[in-house]
Amino acid sequence: HTHALLCRRGCSTMPPKREIEVAEGDTWKVPYWQEPVQQEQLALHDDGPLAYAAREGYIQKRAGRSRFRWNIRFFELKNGTIRWWRPSFKDQLMQPRPPKVVKNKDPRPKPVRCLDLTKLKKITRTQVKFPYSTRILLEFKEDYTDYKLELRSEREIEILEWYKILVRFTMERCDVYQEKEDPQVVAQPGLESETDGEDPGRL
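Heads up: the sequence shown begins at 936 in this note's numbering, then just goes up one per residue.
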């Protein structure tokens, strides 16, 4: 009986554990016999660590609160931020990569705006009919900025590639489906000021 009791006690004994940090201030207990988990192995993604996510290209952004105006801009996503520049009239037409405004410039000049994607609160994808099948709206945490950035592209694959990266920066996402798009004015290249007809606080 003593032997059986010892056996039962032995079987119920939990192996010693150690704590590992899985996030700032958060820990998780794992058995000592398990191989230590490396920070970069947590939340693995097929596209690699989020810190290395990068993309750049021409896409259209809604002009402030306007329902109809869209501006062609050159965007860069890098180091957890998204920023953009206003290309020249010619570059908006021809769309060379990169445009003259940033070409062969290191560091690149000050952008129109730079947003911290680690502060992204919510992303909304609106899927509508031709000519612009998808729009994406970025909303940030209230204590960071009330600025909202809405993007679209003439090429569906282009905006979907941007969405694929941007959606990784937030857990809150929303999908909206529209049978018919609201009347829109197609974005036209131009030399308009970034604040032309817009609220300067919402560039």
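The beta carbon of each residue, even a glycine, is placed where N, CA and C say it ideally should be.
Per DSSP, F1075 is one residue of the beta strand (DSSP E) stretching across 1069-1075. By the neighbour-count definition (other C-beta atoms within 10 Å, threshold 16), P1034 is a buried residue.
The DSSP-derived three-state label of F1003 is coil. The three-state secondary structure of E1089, taken from DSSP, is coil. Nearest C-alpha to K1054 among V1037, E1089, E1074: E1074.
When the alpha-carbon of T1069 is set against those of I994, T1016, A989, the nearest one is in I994. Within the DSSP secondary-structure output, Q995 pairs in a beta bridge with I1007, R1087.
Going by C-alpha positions, K1025 is about 20 angstroms away from R997.
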